[in-house]
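This report concerns only the one structure given below.
Number of protein chains: 2
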Amino acid sequence: MKDPRPCSIADTLALVGEKYSLLVLREVFLGARRFDQLARNTGAPRDILTTRLRRLVDAGVLEKAAYSERPTRHEYRPTPAGLELEAVLMTLMAWGDRHLRTDDDRPMVIEHICGHELLPAVTCSACGGEVRHEDLTAHPQAPGWTVTGPTAA
Amino acid sequence: MKDPRPCSIADTLALVGEKYSLLVLREVFLGARRFDQLARNTGAPRDILTTRLRRLVDAGVLEKAAYSERPTRHEYRPTPAGLELEAVLMTLMAWGDRHLRTDDDRPMVIEHICGHELLPAVTCSACGGEVRHEDLTAHPQAPGWTVTGPTAA
DNA sequence: CCAGGTGGGTTTGATTTTCCAACCCACCTT
DNA sequence: AAGGTGGGTTGGAAAATCAAACCCACCTGG
Chain A
1 MKDPRPCSIA DTLALVGEKY SLLVLREVFL GARRFDQLAR NTGAPRDILT TRLRRLVDAG
61 VLEKAAYSER PTRHEYRPTP AGLELEAVLM TLMAWGDRHL RTDDDRPMVI EHICGHELLP
121 AVTCSACGGE VRHEDLTAHP QAPGWTVTGP TAA
Chain B
1 MKDPRPCSIA DTLALVGEKY SLLVLREVFL GARRFDQLAR NTGAPRDILT TRLRRLVDAG
61 VLEKAAYSER PTRHEYRPTP AGLELEAVLM TLMAWGDRHL RTDDDRPMVI EHICGHELLP
121 AVTCSACGGE VRHEDLTAHP QAPGWTVTGP TAA
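Chains A and B are the protein sequences, given in the same order.
Its first residue numbered 1, the first sequence is counted upward by one per residue in the UniProt record's numbering.
Its first residue numbered 1, the second sequence is counted upward by one per residue in the UniProt record's numbering.
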């Protein structure tokens, strides 16, 4: 069955939501950009890595760039669109640090240029307030968009 | 092979990164909390949905609550930890709206309590600045954590 | 009392993906 | 020429997904 709900969350996940895709982006952001590094650091089987990279390049999230000819060698770099996905990774990391770990066994700490440890917050860019569930209201813009589903009121 | 990199991003994805899990959360946040609604609105096969829900409940992201006895009926509600994952979904949605669509065919608009459309931004909670890749520095806290991988400098 | 409907699943068997190891090729180094 | 490295491809076994059918408890209408 197809996802009956038109939605940018679903569309984005269709692109980067497969196993390893976001881990590949993590590595690329950290600076590990070559095939063998990506395979080692993500744990992805090499054939799967090949298909994930192809998809991310086709979608314009990564680009394949030569860093040497003779011998031909290349690496995968984030595009501007790809860089914006780092926000998703930071948010995921923060959630895991808070809920999957007891304090101070965090495997990685990100430092912000302001000098403090990065504790990312998702805010409303209009008012600057932190996003809380009870402050949000969803407005469907397209058909097929009822809360209860196709058959209900 | 196991993921050789200890990382909260990987751990969080291991929990909510399987196909349909985040779509289930989307629906729960929107208010569709019953098995049949979730199956319809996410497109997940019912058996897969069963295993995803079990996992999310076991992990403390959702809870199964009775809204009627005789007949026994229940729904899946987000826990406080689950609610915090809404930030991830908002960030994914914003990315998809920006990069996967031409303006104004967005299937959903979220309104913030401040009265404006929610355009979420990920910010540093210490300084309030928006998170940009070049402002971040990663600090490994655990072994196995070099940029280039186990065999490199 | 029986027929049908609804919520919430489980079962079955076919189809896809993933996985892992091995292999391949071009190029470099010794 | 022998071996190493980067960057993959190939083959077959194992695991996950899929759709449809089935099941059960409970309710409702006739």
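Glycine residues also receive a C-beta, built at the ideal position from the N, C-alpha and C atoms.
Taken atom to atom, the span from the alpha-carbon of C7/A to that of H139/B is near 35 Å. Out of L22/B, V16/B, L30/B, the CA that lies nearest to the CA of D135/A is found in L30/B. V57/A has no beta-bridge partner at all, per DSSP. Annotation: Cβ neighbours of F29/B in chain A (cutoff 9 Å, chain order): H133, L136, A138.
If you draw a straight line from the Cα of A126/B to the Cα of V109/B, it comes to about 29 Å. When Cβ-Cβ separations below 8 Å define contact, S125/A makes contact with chain B.
Less than 8 Å divides the Cβ of W95/A from the Cβ of V88/B.
Linking Y67/A to D104/B through their CA atoms gives a straight-line distance of about 39 Å. Taking the C-beta atoms as reference points, R77/A is found nearer than 8 Å to E63/A.
Chain-ordered, the chain A residues with CB closer than 7 Å to the CB of A121/B read T123, S125.
The beta carbons of H99/A and L83/B sit about 11 Å from each other, so the pair does not count as a contact at 8 Å. Secondary structure note for P78/A: its beta strand (DSSP E) is the uninterrupted segment 73-78.
Contact annotation for A65/B against chain A: no contact, minimum CB-CB distance about 17 Å [criterion: below 9 Å].
Below the 7 Å Cβ cutoff, chain B contributes no neighbours of L49/A, its closest Cβ being approximately 11 Å away. For S125/B, there is no enclosing alpha helix (DSSP H), as DSSP marks it with neither H nor E. In chain order, I110, L118, P120 place their CB closer than 8 Å to the CB of M90/A, counting only its own chain and leaving out the 5 sequence neighbours on each side. In the three-state DSSP reduction, I110/B falls in the strand class (E or B).
Within chain B, the residues H139, Q141 have their CB atoms less than 7 Å from the CB of V109/A, given in chain order. Here N41/A has E27, A32 as same chain residues with Cβ atoms under 6 Å from its own Cβ, once five neighbours each way along the sequence are excluded. For a cut-off of 8 Å, the C-beta gap from D3/A to L23/B is around 7 Å, short enough to register as a contact.
If you ignore the 5 residues before and after R106/A, its C-beta comes within less than 6 Å of the C-beta of D97, all in its own chain and listed in chain order. The C-beta distance from C114/A to C124/B rounds to 6 Å, short enough to fall under 8 Å.
Annotation: the continuous beta strand (DSSP E) that includes L62/A extends over 62-68.
Within chain B, the residues placing a beta-carbon under 8 Å from that of L100/A are S8, D11, T12, L15, ordered along the chain. Contact of H74/B with chain A is not assigned, every C-beta pair being separated by 8 Å or more. Restricting attention to Q37/A, R5/A, R34/A, L49/A, the CA atom closest to the CA of Y20/A is found in L49/A.
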